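All remarks here apply to the structure that follows.
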Amino acid sequence: MILCAAFLVFTMAASAQSSQKFFTRDGKVKFDATAASSPERIDALSNSATCVLDAANGNFQWAVLIKGFQFEKSLMQEHFNENYLESGKYPKATFVGKITNLAELNFSKDGTYNAIVSGQMTIHGVTKDITTNGAITVSGNNVKVNAGFDLKLADYSISIPALVSDKVAKEAKVLVDAALVPK
Amino acid sequence: MKKIYFLPLVFTALGLFLPRFLSAQEEDLLSLLGDEKTTDYTTATFKTNRVVNGHSIENTGKGVLDTKFSHRFSPVRQGLYDMFGLDGATIRIGADYGVTDRLMIGFGRSNTEKIIDGFAKYKILRQCSGAKNIPFTLSYLIDAQIKTVKFADQERDNRFTDRIFYTHQVLIGRKFNSRFSLQIMPTVVHRNLTASPKDKNDVFSIGAAGRIKLTKRVALNAEYYYVPEGQIESPYANSLSIGFDIETGGHVFQLHFTNSANMTYKGFITETQEDWFFKDGDGKMLSGIRFGFNISRVFTLVKPKLQ
């Protein structure tokens, strides 16, 4: 009987841990698509990305509004939305994936862990598999997420006209940075 | 005893397997957060802040200087000898500046009557959807034009105020979808001095303009200003313009056909002379179509702070 009760408590604890989710609505996503020969910088920042991490199973998801990206030049921002990312048709970029080396991470112990994340990135209506490394820093109840990766614009059917090919790089360097709190 | 053992066992089994079963299916974590209601403001209703001669509901971005070089040529009917009108041109050179994202100011000078014009345009309502819903954009424009050419009649008691014209315009525009936008512009042009005493000082006009996006970088625009009769004594025509917006990075080229030679409000609304097609005194069919262009080049003077 006692054994049974202990088992029950253990299972309840296990299922409690499975609801250990962390989230934020103001994650930062930055990208830089400046070609080496470009006289002007082509970069933008959004600080309203949504990110959710489930520590129990490693599920990891992001969503960012395309219109939320801010550029230094307002015309560039308009062209980004109108001509390149077509935010009217494809308002969001999303990532749905998993931390594949979850066993190496301990969310109950402070420290910085290397995480391998793999999943599906959807930008401009095109979904691609992607795997990247990132850093996950646990401190108390909070989890910080940092990663950087390159995306080939052509992979997401973002076409760069010849006229601006000396300004817009073929690959965009993306940096993500989010401070998650328990949900 | 057996029964008492059995029940917790069922629960234990459920407790063990149920969460696993749930997490086995691809969980949509983002939907767990619920949709945060944001307001999505409509952008790029028109490619630039002018349709052809008059304003569109677009504003120049905050801290952005937009320089404008505009030409309207002589009527195309003048033929090859005048290079289809290209030998004669009216010119306006100007600059617009975005004080905020909703307030823009600008000025310009035209060679016709040596007119200097200045304006302020404010976006009162912005079309948006989401948390806030407004179906259209509403802007108000005030524009003053000063004729600096020497008075024709030097004997007359000429005053400085005789040189001034004002325009008040309300712009109501809506982007119906990514390709089609439409706006209507009730407009009043006030003239301190008119050509004839029978002329009204305040000329009311209603304008309509639309654009159809043909490709990502090319749009077709049309603009028409209707002036109800009984306000202007001398012969006049309603201004009609059709043109293309071609965008290349920092430039927008607007190439168009119009029957208006002037690019100031008092000019194209009250002083357009010829219709697109009209009969001259001998009953001969003629065309008042002219070729023209606006070139817009933007410079970001004040960069927004990005955190």
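Note that the protein sequences, when read in sequence, are chains A and B.
Going by the numbering used here, the first sequence opens with residue 18, and the numbers climb by one from there.
Going by the numbering used here, the second sequence opens with residue 4, and the numbers climb by one from there.
Ideal Cβ placement from N, Cα and C applies to all residues, glycine included.
Remember, predicted model here, so these are calculated numbers, not experimental data.
What residues from chain A crowd round residue i, counting only those whose CB sits closer than 7 Å?
i                      : result
residue 220 of chain B : 100
residue 77 of chain B  : Going along chain A, no residue has its Cβ under 7 Å from residue 77 of chain B, so there is no contact; the nearest lies around 32 Å.
residue 253 of chain B : 92
residue 212 of chain B : Simply none; closest approach about 19 Å.
residue 152 of chain B : Under the 7 Å cutoff, chain A gives no residues; its nearest Cβ is about 36 Å from residue 152 of chain B.
Put residue i into one of helix, strand or coil per three-state DSSP.
i                      : result
residue 164 of chain A : strand
residue 177 of chain A : coil
residue 125 of chain B : strand
residue 169 of chain B : strand
residue 64 of chain A  : strand
residue 99 of chain A  : helix
residue 111 of chain B : strand
residue 66 of chain B  : coil
residue 268 of chain B : helix
residue 28 of chain B  : With a pLDDT of 44 at residue 28 of chain B, under the threshold of 50, the modelled position of that residue is not reliable, and no figure is offered here.
residue 100 of chain B : strand
residue 138 of chain A : strand
residue 200 of chain B : coil
residue 172 of chain A : helix
residue 141 of chain B : strand
residue 133 of chain B : strand
residue 107 of chain A : coil
residue 80 of chain B  : helix
residue 153 of chain B : coil
residue 246 of chain B : strand
residue 118 of chain B : strand
residue 91 of chain A  : helix
residue 59 of chain A  : coil
residue 37 of chain A  : coil
residue 60 of chain B  : coil
residue 124 of chain A : coil
residue 182 of chain A : coil
residue 164 of chain B : helix
residue 51 of chain A  : strand
residue 299 of chain B : strand
residue 85 of chain A  : helix
For residue i, is the classification buried or exposed, using 16 other Cβ atoms within 10 angstroms of its Cβ as the cut-off for buried?
i                      : result
residue 120 of chain A : exposed
residue 232 of chain B : exposed
residue 28 of chain B  : With a pLDDT of 44 at residue 28 of chain B, under the threshold of 50, the modelled position of that residue is not reliable, and the figure given next carries that caveat. Result: exposed.
residue 132 of chain B : exposed
residue 145 of chain B : exposed
residue 228 of chain B : buried
residue 286 of chain B : exposed
residue 35 of chain B  : exposed
residue 189 of chain B : exposed
residue 200 of chain B : exposed
residue 204 of chain B : exposed
residue 53 of chain B  : buried
residue 183 of chain B : exposed
Going by CA-CA distance only, name the one from the options that's closest to residue i.
i                      : options                       : result
residue 2 of chain A   : A/143, A/162, A/107 and A/96  : Residue coverage of chain A in this structure runs from 18 to 200, which leaves residue 2 of chain A outside it and unanswerable.
residue 147 of chain B : B/226, B/270 and B/307        : B/270
residue 97 of chain B  : B/111, B/73, B/106 and B/197  : B/111
residue 179 of chain B : B/204, B/93 and B/48          : B/48
residue 79 of chain A  : A/136, A/175, A/189 and A/185 : A/136
residue 225 of chain B : B/302, B/71, B/83 and B/245   : B/245
residue 140 of chain A : A/99, A/175 and A/129         : A/175
residue 147 of chain A : A/116, A/122 and A/124        : A/116
residue 182 of chain A : A/46, A/37 and A/56           : A/56
residue 153 of chain B : B/177, B/123 and B/118        : B/118
residue 167 of chain B : B/83, B/59, B/120 and B/31    : B/120
residue 122 of chain A : A/73, A/54 and A/200          : A/73
residue 106 of chain A : B/235, B/305 and B/219        : B/219
residue 300 of chain B : B/253, B/141, B/130 and B/249 : B/253
Using a cut-off of 8 Å between C-beta atoms, extract the partners of residue i located in chain B.
i                      : result
residue 38 of chain A  : 32 and 35
residue 87 of chain A  : 307 and 309
residue 192 of chain A : What residue 192 of chain A touches in chain B: nothing, since even the nearest Cβ is about 13 Å away.
Quick one: which chain A residues come within Cβ less than 8 Å of residue i?
i                     : result
residue 43 of chain B : 84 and 108
residue 46 of chain B : 84, 95, 98 and 99
My guess is that residue i and residue j are in contact by the Cβ rule of under 8 Å, so how many angstroms apart are they, rounded?
i                      : j                      : result
residue 85 of chain A  : residue 67 of chain A  : No, residue 85 of chain A and residue 67 of chain A are not in contact; Cβ-Cβ is about 10 Å, not under 8 Å.
residue 13 of chain A  : residue 48 of chain A  : The question about residue 13 of chain A has no answer, for chain A in this structure spans 18 to 200.
residue 93 of chain B  : residue 115 of chain B : 5 Å
residue 273 of chain B : residue 206 of chain B : 5 Å
residue 51 of chain A  : residue 186 of chain A : 6 Å
residue 67 of chain B  : residue 101 of chain B : 5 Å
Quick one: which chain B residues come within Cβ less than 7 Å of residue i?
i                      : result
residue 49 of chain A  : Here the premise fails: no neighbours, minimum Cβ distance about 12 Å.
residue 105 of chain A : 181
Interface residues of chain A around residue i at Cβ under 9 Å?
i                      : result
residue 64 of chain B  : 90, 91, 92, 94 and 95
residue 301 of chain B : 90, 91 and 92
residue 67 of chain B  : 90, 91 and 92
Legend entry - Short-range partners of chain E found in the region 127-158 of chain A, where Cβ spacing is below 9 Å: No chain E appears in the structure shown, which is made up of the protein chains A and B.
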